[in-house]
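Line by line, the protein sequences are chains E and X. Under my numbering, think of the first position of the first sequence as 1, with each following residue one higher. Under my numbering, think of the first position of the second sequence as 281, with each following residue one higher. Cβ coordinates follow ideal geometry from the N, Cα and C atoms, glycine included. Just so it is clear, the structure is predicted and the values come from calculations on it, not from any experiment. Presented below is the structure to which this report refers.
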Amino acid sequence: MQFIERRKWFYIFSLLFLIPGIISMFVQGFNLGIDFQGGSVLRYKMDTAIEAPAVMKTVQDLQLVSEVSVQKSADEFYIRTTELTQEQTQQITDTLKAQYGNIILQSADSVGATIGSELIRNAFLAVLVALVLMLIYITFRFEWTFGLAAILALFHDVLIVCGLFSLFQWEVNSAFIAAILTIIGYSINDTIVIFDRVRENLRMKKKDPLPTLLDRSIMQTLNRSVNTVLTVLMPLITLLIFGGATLKIFVMTLLIGFLFGMYSSICVASPIYYEIKQRG
Amino acid sequence: MRKNTSMAIVATIVVIIIGLAYFTNKPILNRLPLGLDLKGGLHVVLQADEKAGETVTADTISKSIAVLRNRIDSLGVKEPIIYPQGNDRIVIEIAGVDDPEQAVNIIKNTAQLEFRDQTGKILVTGKDLKDAQASPGANGSGPAVSLEFNAAGAKLFGDATAANIGKDISIYLDNEVIETATVKTAIPDGKAEISGGSMTAQTAQDLAVLLRSGALPVSFSIMEKRTVGPTLGADSLNMSVKAGIAGLIAILIFMMGYYLLPGVVASISMVLYSILVLGTMVVLGSVLTLPGIAGFVLSIGMAVDANIIIYEHIKEELRFGKTLKAAIEAGFSRAFWTIFDSNLTTLIAAVVLIWFGTGPIKGFAVTLSIGIIASMVVALTFTRYLLVLFADITKNNKLYGV
């Protein structure tokens, strides 16, 4: 297969995901979870017949906090508010009990926003330092062009996943961070294996033109790329089908990330390497 | 002859690994505590309040952790997780608390006990306490806490009571008066009692715990407090563990179905690999959290990947017409640098995340790092050895998928 020759199609495919995602990130931003925003989340088990707007009004009428939002999923109600004290939580629970009868408070989370911003800053710094060190290592073992291409492919994966999160307003929490880190780890690993084959082929005496050589390297590692992603996806798919409800979004993120990680290693990293080589 | 020896060695290895898996799975899983995100409980972050003239040092924090650990142990909580965060914070995670409110009260008090005279002069402090116990209280005064001073404290208290006969002495806890009493006679035996109108059996019990464990060297404020419902993890966890195991078995079946004989080798290696990774986590005292599981999943993927890379190389060499042994040798020497470079690049990222990361990020990175190192060691030594042994047993290329 001619991957390099068809690279424009891959670029278009990627842009189809990237552009809406990036626009969405600027326009509507992220649905930041409590880990980042600070505030309280109360989780109640209630009768499924109860409607979320009614619950929201009940809580608002107490006039305890400025912001209230209620999400309903089957018999579970998530009430998000700005920071609540223990007494206020009790007050809300009592009021809801009086109004709706049989309800159970399942969890009450509260987080100061400072932890969130600090966690983001640390994670951001860590990823930045990791990128620089990886670039240095790849330059040392391969060539800087490989390093640059690998890291651009990495950005591509992270941007696509972040874009999807913004587009569909999935909640960004610490599980999301774990998923992003996993994707970074997988994507770089996957890309290096293919570049390793390119490096091996470049050392051969009889040299093909670069596009042919890159295509051949991708084809030679294709079995491995597909099989590896298949094996990684197996536990994720069983988790998605049989696992608990709380893990679903997390597993879903990993799944999307691994697929894009494989795609970018094959269809983005090598073409970018080719582009750099063409110009450099 | 060589064939028989190899078969014997392979059989022994398989028996040892199955035995190892059989005997270690329970102790490993029991000793791998589940994080709060999975088990539920209380998560508290304390921030040291630095007053003028005070500096919070690493020493202050580690002393505070010791005090807090005493207090939480006295609540009867098993294995609380207490660790410093940054320079002036302490994170406390307690799984499965019945009464989070009580736990928080016990945690946050500085518990600075002082006896002061009418002029406000400090006579004795909690530093000189030897013991504090809740008691039903003497002569019907209601629940109380009986105190016993050490030698120095007894001397101070004796002198103070002797000097203040007929005057009031007040007992302060964290700068609030909890009791004021008039001294009738000097008390030289170092025994005192705190009682008060509002003291209940429970508050007496809590106060005794606070005083026994000593005062915190600095005062702390609660920066973050989260109660995670135990149902959150409990119902989904059982299902998820089963689902995860089903997924791992699917990997092994796929490997054996696709790679045949090397797939069998991979399966044996993966069992050893899992024991190594989980065992190392137990030894390091790690806690299993959701991000930790993500790290584990990724590292399993990379371990399987190492196997796949090796087998694809061996297949390729066999197709070039090499003999089995030569193909294994050549396959390994080519796969070595592929695995080395790809794993080391990821390891670099993981180590940086351990260095900079906090909480969930660190958990992820630690598991991933352990996984990567274990994967490289197992794939490049054990798997290789097994493959060579199997090559002695059968030279049929078909079993290698060629």
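DSSP, reduced to helix, strand and coil, places X:P468 outside both helices and strands of the structure shown, so it counts as coil. Here the alpha carbons of X:L669 and X:I289 stand approximately 8 Å from one another.
Of the residues X:A586, X:V463 and X:L496, the one whose Cα lies closest to the Cα of X:A442 is X:V463. A contact between stretches requires three or more CB pairs, one per stretch, nearer than 8 Å, and the segment 232 to 239 of chain E fails this requirement with the segment 198 to 217 of chain E. Partner residues in the beta bridge of X:T405, as assigned by DSSP, are X:E394.
In terms of beta-carbon proximity, E:T231 lines the interface with chain X, with at least one pair separated by less than 8 Å. For E:R80, the enclosing beta strand (DSSP E) stretches over residues E76 to T81.
In this structure X:A645 is not in contact with X:G543, their Cβ atoms being roughly 30 Å apart against a cut-off of 8 Å. For E:F146, not one C-beta of chain X is nearer than 8 Å to its own C-beta. X:I345 and X:A615 have their C-alpha atoms roughly 48 Å apart.
X:G681 and X:K605 have their C-alpha atoms some 15 Å from each other. Assignment of alpha helix (DSSP H) within the segment 131 to 202 of chain E, counting only whole runs of 4 or more residues, yields 144 to 167 and 174 to 202 in chain order. Shown here, E:M56 sits in a helix according to DSSP, grouped into three states.
E:I19 sits exposed, since fewer than 16 C-beta atoms from the chains shown fall within 10 Å of its C-beta. X:P468 is the residue among X:V631, X:P468 and X:V562 whose C-alpha sits nearest the C-alpha of X:I445. Annotation: X:R351 is outside any beta strand (DSSP E); the continuous alpha helix (DSSP H) that includes it extends over A338 to S354. In the three-state reduction of the DSSP assignment, X:F662 falls in the helix class, which pools H, G and I. Residue pairing by DSSP leaves X:Y538 without any beta bridge partner.
For the 8 Å CB-CB criterion, X:R349 and X:P360 form a contact. Secondary structure in the segment 518 to 586 of chain X: the alpha helix (DSSP H) runs of 4 residues or longer, each lying completely within the stretch, are 541 to 563 in chain order. The segment 149 to 168 of chain E and the segment 6 to 21 of chain E touch, with no fewer than 3 CB-CB distances between them shorter than 8 Å. Comparing alpha carbon positions, the residue from E:T231, E:L152 and E:M252 closest to X:M536 is E:T231. In the displayed model, X:N676 falls within coil according to three-state DSSP, outside both helix and strand.
Two segments are said to touch when three or more pairs of C-beta atoms, one from each, lie closer than 8 Å; by this definition the segment 292 to 302 of chain X does not touch the segment 167 to 184 of chain E. Within the segment 556 to 587 of chain X, those residues whose Cβ lies closer than 8 Å to any Cβ of chain E are, in chain order, L570, P571, A574, G575, V577, L578, I580, G581, M582, V584 and D585. The C-beta of E:M134 has 16 or more other C-beta atoms within 10 Å across all chains shown, which makes the residue buried.
For X:R506, the nearest beta carbon of chain E is closer than 8 Å to its own beta carbon.
For X:E456, the enclosing beta strand (DSSP E) starts and ends at E456 to T462. Looking at the DSSP output, X:Q327 sits in a beta bridge with X:R369 and X:S501. Not a single C-beta of chain E is nearer than 8 Å to the C-beta of X:E330.
Just measuring C-alpha positions, the residue of X:A495, X:I573 and X:E456 sitting nearest X:V347 is X:A495. The contact set of X:G537 on chain E, defined by CB atoms closer than 9 Å, is empty, because the minimum CB distance reaches about 11 Å.
Scanning chain X for C-beta atoms nearer than 8 Å to the C-beta of E:R141 yields D621, reported in chain order.
Of the candidates X:I555, X:L570, X:A488 and X:N676, the residue whose Cα lies closest to the Cα of X:L355 is X:A488. Secondary structure note for E:G21: its alpha helix (DSSP H) is the uninterrupted segment R7 to V27. Look at X:L624 here: in three-state DSSP terms it is helix.
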